[in-house]
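Numbering (the UniProt record's numbering), first residue to last: 1 to 740.
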């Protein structure tokens, strides 16, 4: 019945979308309404398709005899005064499905968890919460334990699954926290931080639809592989209007995928780089000694005082560099015009003559070149490219930075942009601004051309001079302006699509995953994107691997919200078996003895192993192939030091058909994938082989945190392969004999 209702809704939306797309012309208001309808019906169709799998997953039976079905979206019976057929999991009335216990049943007699395959129920589990009941299956432990364990024990698919059917009480409380303010979700590996954050996004969009639909929600992840991994979660929850992005993709038109040393990235992440960029811009507002500007048959001379005065007036406008340039140019043109007038004889010229001289000065190539030298129009890319390719400019802009650090920032002018460059480009864009006078003039010219073309069309239609005056002509029905407007371009972009193309877009809410890895400059960029400071910040300080990353949440948040942020914690590990977590706990203790690992909810029965080999390139592929055989159709990750991704990846892909390397688009679909620790963050696999743990420890000042991340990606099996001796923090590992 529920799927039948879903099919009816899909058909209705499809017909309405087709009808809206067939509509053409009309007033500006009519076109706007049509665009809104198209967007709405498109979103509805996407939503109905996304919730097809697992539409209904629960049922609540109350003592009073009421029965509610719980699902991904709400469905109603239009013939019975919109009686609820399926209750949206986010609705307040659905909350007992996640929070009710035998001690506090909230009126619930029985809670049923259903598992479906396509449109068929394949299993269900009942929890009887009435302490006086004689019915079986009363449960005092995890909510929906059988369903939960079935989910965590299932093979990984290369895509993150939602947890909407298995949300636990500690997770639900975070998901339903109010919109305003910054909520920090601190949790160790496998605690469901990412899933909680994404379900929180879906919940906030449900409860604050009007507020968030227009501004949108931004989800920031650590890398493109991670975003592909989580990409289906929100659509499966019925939400399709969320923008997913890495920090490196936050600058429109730029996908920063270049590589640089961790030390250089860390320098760029310092908050002091904001001052460096500001100084670099001011350095481009030159005030040299006397300069000479040829103009017609004369030579105009501009001294330092005149340039400095014009520069001062421009700076006092407090406008961004490119916008303030208009004031500077106006002042300099006035100075040069006075000189030219005095040379020609002021008494011989009237006001029109002087205006003509000003116009000629503005259009003169020599004058334009001189003004471009004194106060150039700059793009963020041009500013940073010229700054980082010039030791002299760097020294002027960053006099307090050490020579060694400045040397790390130097690079070729055409070098690829890196993720650490994006916050700097964003800062530069804020300080430079955009002189949009040319763009406005261009838009106006295009508008006039469209009107002229439309007028030509009307003239052709009205060529018959001898027509009966009683007959209505084209110009009687419509003028050129309205005809041009009617045939203007259609815009059916969603809020997320518009936001992706607009650097100045501000979001209603931002979710930051693996937030501990963000630099101070990256936080500055994100805070600029969300003036309301409504954020969900997800991470684990113990897993900080980036040199520029956080050592405490207060460190990154206090400069923007002071103490107005709320810390929540997840303490239960649903992903990592206790056998693996015991090994990872030793590594965590080496990071900080006071850190407490999350508690695993299950055992796997398989002990983690290690194997010492003579040659990784020669011996590793065989071990990986054997481990892949142990997990059947599951997913396997081989996590290696970043410096060895290429050579070990080549060896493994040559030996294992279908294996992938790094963050390639096919990586998540591959049965086996070779990754560096950075690309593995936030992901999970059935089995993991960690290679050269000593190399991972030595590769970064925070190598122990990286090794902790690598060890905790597995849901079933863990192996460690090494050439030299095994690091002491892994002494708990058993020998390779467990492979048979």
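Ideal Cβ positions, reconstructed from N, Cα and C, are used throughout, including at glycine.
{"query": "Pick from 171, 381, 365, 344 that is closest to residue 254, judged by C-alpha positions", "result": "381"}
{"query": "Beta-carbon contacts of residue 203 that lie in its chain and below 7 Å, excluding the five residues immediately before and after", "result": "90, 175, 176"}
{"query": "Terminal residues of the alpha helix (DSSP H) in which residue 360 lies", "result": "351 to 363"}
{"query": "Cβ neighbour criterion (16 or more within 10 Å) applied to residue 186", "result": "buried"}
{"query": "Whole beta strand (DSSP E) elements within the region 86 to 171, 3-residue minimum", "result": "108 to 117, 120 to 128"}
{"query": "Exposure of residue 701, with buried meaning 16 or more beta-carbon neighbours within 10 Å", "result": "exposed"}
{"query": "Cβ shell of residue 341 (< 7 Å), same chain only, five flanking positions each side left out", "result": "349, 354, 357"}
{"query": "Between the CA atoms of residue 287 and residue 296 - distance to the nearest angstrom", "result": "24 Å"}
{"query": "Inside the region 557 to 598 only - beta strand (DSSP E) runs reaching at least 3 residues", "result": "565 to 570"}
{"query": "Residue 694 beta carbon less than 8 Å from that of residue 724", "result": "yes"}
{"query": "Contact check, residue 55 vs residue 74, beta carbons under 8 Å", "result": "no"}
{"query": "Contact test: residue 671 Cβ vs the ligand MN heavy atom, cutoff 7 Å", "result": "Among the components of this structure there are no ligands whatsoever, and the ligand MN is therefore not found."}
{"query": "Residue 276 and residue 570 closer than 8 Å at C-beta", "result": "no"}
{"query": "Limits of the beta strand (DSSP E) - the one that residue 315 falls within", "result": "Per DSSP, residue 315 belongs to no beta strand (DSSP E); it is in the alpha helix (DSSP H), 304 to 316."}
{"query": "CA-to-CA distance, residue 537 to residue 429, given in whole angstroms", "result": "25 Å"}
{"query": "C-alpha gap between residue 351 and residue 300, whole angstroms", "result": "21 Å"}
{"query": "Spatial neighbours of residue 304 in its chain, beta-carbon cut-off 6 Å, leaving aside the 5 residues before and after", "result": "287, 289"}
{"query": "Entirely enclosed beta strand (DSSP E) segments - the region 599 to 636, minimum 3 residues", "result": "609 to 612"}
{"query": "Secondary structure, alpha helix (DSSP H): runs of 4+ residues fully inside the region 8 to 90", "result": "28 to 50"}
{"query": "For residue 297, the first and last residue of its enclosing beta strand (DSSP E)", "result": "Per DSSP, residue 297 belongs to no beta strand (DSSP E) and is neither H nor E."}
{"query": "The alpha helix (DSSP H) enclosing residue 535, as first and last residue numbers", "result": "Unbroken run through residue 535 is the beta strand (DSSP E), 535 to 539; no alpha helix (DSSP H)."}
{"query": "Opening and closing residue of the alpha helix (DSSP H) in which residue 339 lies", "result": "321 to 344"}
{"query": "Classification of residue 65 by the beta-carbon crowding that lies within 10 angstroms, buried from 16 upward", "result": "exposed"}
{"query": "Residue 716 in three-state terms, based on DSSP", "result": "strand"}
{"query": "Under the three-state DSSP convention, the category residue 734 falls into", "result": "strand"}
{"query": "Residue interval of the alpha helix (DSSP H) (run including residue 707)", "result": "703 to 711"}
{"query": "Rounded Cβ spacing between residue 190 and residue 574 (contact assumed at less than 8 Å)", "result": "6 Å"}
{"query": "Burial state of residue 369 (16 or more Cβ within 10 Å)", "result": "exposed"}
{"query": "DSSP three-state assignment for residue 186, whether helix, strand or coil", "result": "strand"}
{"query": "Beta-carbon proximity list for residue 671, same chain, < 6 Å, skipping 5 on both sides", "result": "658"}
{"query": "Per-residue DSSP class, three states only, for residue 728", "result": "helix"}
{"query": "Environment of residue 542 [buried if 16+ CB atoms lie within 10 Å]", "result": "buried"}
{"query": "Supposed contact pair residue 166 and residue 194 - C-beta distance, whole angstroms, cut 8 Å", "result": "With 8 Å as the limit, residue 194 and residue 166 do not qualify as a contact, their Cβ atoms being about 14 Å apart."}
{"query": "Extent of the continuous beta strand (DSSP E) to which residue 218 belongs", "result": "217 to 221"}
{"query": "Sub-8 Å separation of residue 163 and residue 192 beta-carbons", "result": "yes"}
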